[in-house]
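Here's the structure we're looking at; comments come further down.
This is the structure:
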């Protein structure tokens with residue numbers, strides 16, 4: 001779902017010397033290699049690789065399966081997990097071999113992945129599902145991976161393959177609950193349904209409990225501390241649980257969670273129970289820094305804590321509640337959309353004088369991308385024109401769902417665009433300011 005420019009940045013920034021790529025992106029990667037001397041090898045998952053591209057099948061045929069020599073230590077880097085940023089360019093969150101191993105064990109523990117699990121993954125593997133896939137392999141589970149999500153196919157696979165474990169975002173669950181086939185499908189094998197990015201509304205949870213039983217686990221994490229920061233466990237998904245149902249759960253087994261002051265960026269001291277502050281996370285699988293970004297690393301990792309940029313509170317029972325985001329990010333359908341990326345793209349339109357992008361409530365997506373635009377001329381610019389322009393400039397999940405035209409944007413006393421003022425009319429009836 002990334003744009004060519006985002007892929008170019010990731011390949012170049014990481015210093016990758018080899019890329020494994022399927023047909024859809026082969027032309028993009030070949031174009032990148034033209035101006036990238038570091039990129040030595042392109043391995044194509046394609047039946048007829050063009051000149052200069054190595055066949056993936058040939059690589060497998062030539063390899064010696066019993067002679068792999070991987071001389072690595074626990075402190076060696078295992079991956080750069082690229083995540084969006086307020087500059088518009090993805091940042092490479094660096095994780096070690098030890099950190100990745102601990103993270104996968106955390107997935108097994110917190111998400112109840114068993115030896116005999118029949119797992120179904122229908123979301124992109126570069127996202128959270130990829131960690132679930134690896135954790136399943138670690139556990140010895142059987143994993144079914146589909147090419148995209150279709151609610152009818154999902155229900156069919158649950159019944160025919162006796163699926164016991166799956167992962168999704170709330171939007172997907174709503175599609176399944178609304179599907180005509182649900183009432184006719186045997187879903188009794190499903191024991192665990194993991195979701196993230198947003199809580200399930202109480203009304204939809206009631207439908208989910210009726211359809212699947214008490215099988216839900218909610219998780220909260222970030223690329224900097226992958227997926228497992230807090231979890232809301234199956235026992236918590238009880239309609240009589242009260243306010244805790246609105247939370248993202250409690251600290252996972254290997255995680256410390258702290259709420260720190262918002263106005264003291266260098267302090268990690270906790271605020272009193274119930275007070276608002278920034279959510280900090282600490283775990284053995286937290287990133288060790290951002291690749292080639294020492295300033296961003298210093299701002300994010302303080303005294304061993306990961307500053308999430310999320311505003312929240314913690315109650316006396318340890319439940320954590322997300323109230324707002326300090327970082328300028330929208331979570332729509334489980335995908336992070338950094339508003340500056342969308343603003344930079346729309347600002348390139350000649351008819352746009354100023355633009356601010358915010359997240360607003362959406363029943364299916366949690367949040368939807370909403371653009372507020374000051375036109376360069378009082379009349380003439382239309383929503384259709386902006387949306388058509390966005391089609392060419394942005395990945396599908398980053399495109400605005402709606403466009404609003406205003407004469408001027410509100411500003412703070414410091415002259416910055418006041419996005420809280422822009423969001424307020426849309427969120428005033430909501431329990432919290434983010435999905």
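Numbering (full-length UniProt numbering), first residue to last: 1 to 435. C-beta: ideal position from N, C-alpha, C; glycine also.
Three-state secondary structure assigned by DSSP to residue 190: In this structure, residue 190 counts as coil in the three-state DSSP scheme.
Cβ pair residue 370, residue 357 closer than 9 Å: Between residue 370 and residue 357, the C-beta spacing is below 9 Å.
Inter-stretch contact (C-beta, 8 Å, three-pair minimum) for the segment 161-175 and the segment 116-132: When C-beta atoms of the segment 161-175 are compared with those of the segment 116-132, three or more pairs fall below 8 Å, so the two segments count as touching.
Beta bridge counterpart(s) of residue 313 as assigned by DSSP: Assignment of beta-bridge partners to residue 313 by DSSP yields 321.
One or two residues paired with residue 57 in a DSSP bridge: Answer by DSSP bridge pairing: none, since residue 57 is not bridged.
Backbone secondary structure at residue 294 - three-state DSSP: Residue 294 falls in the helix class under three-state DSSP.
Supposed contact pair residue 104 and residue 131 - C-beta distance, whole angstroms, cut 8 Å: 7 Å between Cβ atoms; contact.
Contacts around residue 380, its chain only, beta-carbon distance under 8 Å, and the 5 residues preceding and following it disregarded: Closer than 8 Å at Cβ, skipping near neighbours: 351.
Span separating the alpha-carbon of residue 143 from that of residue 129: Straight-line Cα distance between these residues: approximately 11 Å.
Candidates 408, 395 and 332: closest to residue 5 by CA position: Put simply, of 408, 395 and 332 the residue whose alpha carbon is nearest the alpha carbon of residue 5 is 395.
The alpha helix (DSSP H) enclosing residue 136, as first and last residue numbers: Residue 136 -> alpha helix (DSSP H) spans 128-139.
Start and end residues, beta strand (DSSP E) containing residue 94: Residue 94 -> beta strand (DSSP E) spans 91-96.
Cβ-based neighbour list, residue 289, same chain, cut-off 7 Å, excluding 5 preceding and 5 following: Result list for residue 289: 94, 297 and 301, in chain order.
Given 8 Å, three or more beta-carbon pairs between the segment 304-314 and the segment 256-263: By the criterion of at least three beta-carbon pairs nearer than 8 Å, the segment 304-314 is in contact with the segment 256-263.
Residue 54 beta carbon less than 9 Å from that of residue 39: No, they are not a contact pair.
For residue 368: DSSP bridge partner residues: Under the DSSP definition of a beta bridge, residue 368 partners with 360.
Residue 60 classed as buried or exposed, judged by whether at least 16 other C-beta atoms fall within 10 angstroms: By the beta-carbon neighbour count (other beta carbons within 10 angstroms, threshold 16), residue 60 is exposed.
Minimum length 4: unbroken alpha helix (DSSP H) runs contained in the segment 235-279: As far as the segment 235-279 is concerned, it has no whole alpha helix (DSSP H) run of at least 4 residues.
Simplified DSSP assignment, three categories, for residue 417: The answer is strand: DSSP assigns residue 417 an E or B state.
Counted within 10 angstroms of its Cβ, other Cβ atoms place residue 125 as buried (16 or more) or exposed: Only exposed fits residue 125, as fewer than 16 other CB atoms lie within 10 angstroms of its CB.
Outcome for residue 107 when other beta-carbon atoms lying within 10 angstroms are tallied against a minimum of 16: Residue 107 counts as buried, since no fewer than 16 other beta carbons sit within 10 angstroms of its beta carbon.
Alpha-carbon spacing of residue 425 relative to residue 310, whole angstroms: Roughly 21 Å between the two C-alpha positions.
Closest by C-alpha distance to residue 277, when choosing among 307, 252 and 368: The residue from 307, 252 and 368 with its alpha-carbon nearest to that of residue 277 is 307.
Residue range of the unbroken alpha helix (DSSP H) whose run includes residue 203: First-last of the alpha helix (DSSP H) with residue 203: 202-212.
Those residues which DSSP pairs with residue 222 across a bridge: 225, per the DSSP bridge assignment.
Selected residue, minimal CA-CA separation from residue 97, among 113, 70, 112 and 89: Closest in C-alpha terms to residue 97, from the list 113, 70, 112 and 89, comes 70.
C-beta contact flag for residue 212 and residue 194 at 9 Å: No, the Cβ-Cβ distance between residue 212 and residue 194 is not below 9 Å.
Rounded C-alpha distance that separates residue 284 from residue 36: Taking the straight line from one Cα to the other gives about 35 Å.
Nearest-angstrom Cα separation, counted from residue 281 out to residue 427: Across the structure, residue 427 and residue 281 are spaced so that their CA atoms are roughly 27 Å apart.
C-alpha distance - residue 359 paired with residue 254, whole-angstrom precision: Per the coordinates, the alpha-carbon of residue 359 lies some 32 Å from the alpha-carbon of residue 254.
C-beta atoms of residue 189 and residue 159 nearer than 9 Å: Result yes, Cβ atoms of residue 189 and residue 159 sit closer than 9 Å.
Pick from 383, 187 and 135 that is closest to residue 111, judged by C-alpha positions: For the residues 383, 187 and 135, the minimum Cα distance to residue 111 belongs to 135.
Beta-carbon proximity check, residue 92 vs residue 78, cutoff 9 Å: At the C-beta level, residue 92 and residue 78 stay beyond 9 Å of one another.
Whole-angstrom distance between residue 214 and residue 392, CA atom to CA atom: A direct Cα-Cα distance of roughly 43 Å separates residue 392 from residue 214.
According to DSSP, residues forming a beta bridge with residue 331: DSSP lists 336 as partners of residue 331.
Coarse secondary structure for residue 181, derived from DSSP in three states: Reduced to three states, the DSSP call for residue 181 is coil.
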